[in-house]
Amino acid sequence: CGTFWWMYVAMSVYAGLPAALSAFAVFCLAAVLSGYYALAGAFFVALQPRSPGGAALLLAAVWLFAELARGVWFTGFGWGAAAYAHIDGLARFARYVGAYGVAFLVALIASLVAFWVRAPHRRAQTGMPLAAAALASIMAWMPGAFTQTNGDLRVALLQGNIAQDVKFQPGTGVVDALRWYGEQLAAATASLVVAPETAIPLLPQDLPPGYWKELQGLYAQREQAALFGIPLHGADGGYTNSVVGFKPGPMAPGDNAAYRYDKHHLVPFGEFIPPFFRWFTDMMNIPLGDFDRGALGPPSFAWQGQRLAPNICYEDLFGEELVQRFTDPATSPTIFVNVSNIGWFG
């Protein structure tokens with residue numbers, strides 16, 4: 003439970019769920035996620051080869067499949083994956099094999115050492131520690147320059163000091179959010195202004211008269227761009243958790259902004275209701291709690307020679323989805339922009 007205690011804060015403090023039930027829900031999630039590793043362990047015990055090298059390889063493989071299942075099945079919840087513990091030392095290797103590949107290699111190195119230590123005739127198994135040392139050396143000494151400088155972009159980040167339990171309250175938090183973000187979006191002088199998820203907490207048509215048109219006109223006349231979070235109407239009649247982009251120049255007729263990104267990987271219970279769990283979400287007071295899903299791999303927001311690719315909240319966990327934006331090198335992102343509202347989580 004230690005890696006996602008923040009869910010307790012979101013449910014008990016801001017969603018109004020009783021504290022005991024919130025703690026039980028976090029415990030149940032931890033139990034379900036740990037089940038993947040329990041099944042992997044059972045599979046390993048059932049098939050464990052006699053040779054220490056084969057056992058190490060099998061253990062690394064079942065660990066990999068457990069992490070893949072946890073990150074993909076039932077919408078996926080890859081929080082706290084093993085690779086993130088090695089971000090400082092092994093980030094350069096992730097460019098070739100991804101987070102899951104790093105987890106496999108780390109598990110393989112650890113397994114080689116562990117099974118060599120347990121082997122009854124360790125001196126005859128010198129290949130195992132040598133293989134582990136070789137793998138570790140390769141991972142540590144691989145070239146580290148996997149990004150290239152491509153110009154400068156001056157960015158202003160906005161974060162309103164508005165408590166989450168009042169931000170969506172009509173007459174109080176909504177008014178404060180609209181006033182503060184409206185003022186800051188108008189006053190910022192950086193080339194790119196970025197505001198968080200649902201910075202504007204109302205649909206454009208529900209905003210005060212003239213509010214949206216004023217923002218549109220402001221950025222249409224400046225050599226400046228903005229990306230900020232706002233809910234928008236979806237194509238199927240619902241609404242989406244979105245990021246809009248403003249920049250100079252005309253917009254297509256009927257468009258609210260020059261650019262739009264709709265969140266694809268929604269958070270279960272908070273942003274969409276899984277089948278058979280309506281009873282659970284009905285106990286929580288979550289504003290805008292059932293979004294439509296956006297498209298996978300949308301285009302980027304072009305600005306000053308950069309291609310900016312927004313993603314929202316924990317979407318940055320899912321590299322297998324983010325990589326869909328790199329199918330065409332000519333249009334692939336040069337910068338990822340993650341907008342989040344971490345205030346929900348304590």
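Under my numbering, the sequence shown is numbered contiguously, ending at residue 348.
Glycine included, each C-beta is placed from N, C-alpha and C at the ideal position.
The structure presented is a predicted model; accordingly, all values stated were derived computationally and were not measured.
Close-in-space but distant-in-sequence residues of the same chain around Gln-50 (CB under 8 Å, 5 per side omitted): Ala-57 and Leu-60
Proximity of Tyr-98 and Ala-68 at Cβ, strictly below 7 Å: no
Ala-109 versus Ala-101 - alpha carbon distance: 12 Å
Nearest to Thr-191 (by Cα), restricted to the options Ala-179, Ala-71, Leu-159 and Pro-206: Leu-159
Identity of the residue in Phe-279, Ile-288, Gly-103 and Ala-136 nearest Phe-170 by Cα: Ile-288
Buried versus exposed call for Glu-199 [16 or more other C-beta atoms within 10 Å across all chains shown]: buried
Member of Arg-52, Phe-46 and Trp-75 whose CA lies at the smallest distance from the CA of Ala-63: Phe-46
The region 25-43 / the region 308-315 touching (three or more Cβ pairs under 8 Å): no
7 Å Cβ cutoff met for Leu-229 and Gly-247: yes
Buried or exposed (CB count within 10 angstroms, at least 16 for buried), Met-13: buried
Three-way DSSP call (helix, strand, coil) for Leu-66 in this model: helix
Simplified DSSP state of Asp-318, which is helix, strand or coil: helix
At least three beta-carbon pairs within less than 8 Å, the region 230-246 to the region 199-219: yes
Residue(s) in a DSSP beta bridge with Val-11: According to DSSP, Val-11 bridges with nothing at all.
Residue range of the unbroken beta strand (DSSP E) whose run includes Leu-160: Looking at the DSSP string, Leu-160 is not in any beta strand (DSSP E), and its letter there is neither H nor E.
Spatially closest choice to Gln-161 from Gly-175, Ala-201, Ala-105 and Ala-189, by CA coordinates: Ala-201
Within 7 Å, strictly: CB atoms of Asp-284 and Asp-238: no
CA-to-CA distance, Asn-313 to Thr-329, given in whole angstroms: 17 Å
Gly-103 versus His-88, Ala-135 and Ala-21, residue with shortest Cα-Cα distance: His-88
Closest by C-alpha distance to Tyr-263, when choosing among Phe-303, Phe-29 and Gly-219: Phe-303
CA nearest to the CA of Gly-153, picked from Asn-340, Gly-345 and Thr-336: Thr-336
Buried versus exposed, by CB contacts within 10 Å (16 or more), Val-168: exposed
Neighbour-count burial assignment, Gly-73, 16 or more Cβ in a 10 Å radius: buried
Distance, Gly-91 Cα to Glu-322 Cα: 21 Å
Neighbour-count burial assignment, Pro-54, 16 or more Cβ in a 10 Å radius: buried
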